[in-house]
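The sequence shown maps to residues 335 to 564 in the numbering used here.
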Amino acid sequence: MMNPWFIDPLHITIRLALAVLMGGLIGFEREQSSHAAGLRTHILVCLGATLVMLLSMYGFADFAKLDNVRLDPARLAAQVISGIGFLGAGTILFTGKSITGLTTAASLWVVAAIGLAVGAGFFYAAGLACLFALMSLFVLNILEKKYLRTKKLRHFKLEALDAPGMLSKVSALLVRQGHDIQKLSVEESSNQVESLIAIQMTIRLAKGAKVSQTVDDLHHLEGVRSVACD
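Structure below.
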């Protein structure tokens, strides 16, 4: 049985290597999806959490020999769990129309917990959590894209001639292609050469529709001067 106040270099190496491996697996999925926190960030978080757990459990062995000293290995671990929130918050972006980065922030929190578990020698739970996290991020991401995100909201901005029937032509084209117009607004556009209007629309694209093709179709409408989509 391992001495509770001593851990040999082999066990240290195994635990830190496992932290790099498990954190790297989850980080690799985030990297493939081009998210803010990728491979290196997840490895560093998991590795750091493991080191903190090792330090909490075995780094203060000398103090255990002193009178009236009580050691609580969970104290440093608790600081990791609360402190990782600041790093996760940095990956969350609010663009004014949507919030992104929540899944990446959650994955950072999970790899921190995995790192703590590895550092504590709780290998089975760490490995199982890593497996479930990979399933959530990779497998469910594929299913979500295939079945739950077939129709996305897109914001279009057009500049077109201020002519009778222009708005009807734009709407008719979109409806004919199966798109659903959620919001629509029209404003005058300042132009000294010709009279233009600015049409802003929020559209739920039809299943299988490509944004580039929709932009191209709108741009080729007679009287449309420019099309932008975000």
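For every residue, glycine included, the Cβ atom is placed at its ideal position computed from N, Cα and C.
Values in this document were obtained by computation on a predicted structure and should not be read as measured data.
Helix, strand or coil at residue i according to DSSP, with G and I counted as helix
i, result
"residue 527", "coil"
"residue 345", "helix"
"residue 494", "strand"
"residue 484", "In this prediction, residue 484 scores a pLDDT of 46, lower than 50, which makes its location untrustworthy; the coordinate-derived value is nonetheless stated afterwards. In this structure, residue 484 counts as coil in the three-state DSSP scheme."
"residue 511", "coil"
Residue i versus the options, residue with shortest Cα-Cα distance
i, options, result
"residue 540", "510, 519, 553", "510"
"residue 385", "444, 376, 449, 413", "449"
"residue 491", "344, 352, 535, 547", "535"
"residue 557", "350, 528, 548", "528"
"residue 379", "550, 420, 517", "420"
"residue 474", "418, 363, 348", "363"
"residue 543", "517, 508, 520", "508"
"residue 505", "487, 435, 518", "518"
"residue 456", "349, 550, 499", "349"
"residue 548", "499, 487, 497, 498", "487"
Neighbourhood of residue i by C-beta, 7 Å cutoff - its chain only, sequence neighbours within 5 removed
i, result
"residue 493", "523, 530, 532, 559, 560"
"residue 454", "387, 391"
"residue 336", "Low per-residue confidence applies at residue 336: pLDDT is 46, beneath 50, and the placement is therefore not dependable, though the value from the model is reported in the following sentence. Contacts found: none."
Anticipated Cβ contact below 8 Å, residue i with residue j, distance rounded
i, j, result
"residue 467", "residue 460", "Contact flag wrong, Cβ pair sits at about 10 Å."
"residue 555", "residue 503", "6 Å"
"residue 381", "residue 353", "5 Å"
"residue 418", "residue 442", "6 Å"
Same chain only: Cβ atoms within 6 Å of residue i, ignoring 5 sequence neighbours per side
i, result
"residue 376", "357, 360, 361, 445"
"residue 514", "538"
"residue 553", "561"
"residue 410", "386, 390"
"residue 365", "372, 373"
"residue 564", "489"
"residue 521", "532"
"residue 431", "For residue 431, the pLDDT reaches just 49, beneath the cut-off of 50, and the residue's location in the model is therefore unreliable, although a value from the coordinates is still provided. Excluding residues within five positions, none has a Cβ falling inside 6 Å."
Neighbourhood of residue i by C-beta, 8 Å cutoff - its chain only, sequence neighbours within 5 removed
i, result
"residue 618", "Missing from the structure shown is residue 618; the chain here goes from 335 to 564 and no further."
"residue 351", "none"
"residue 545", "488, 539, 563"
Ranges of the alpha helix (DSSP H) found wholly within the region 519-564, counting only runs of at least 4: 545-553
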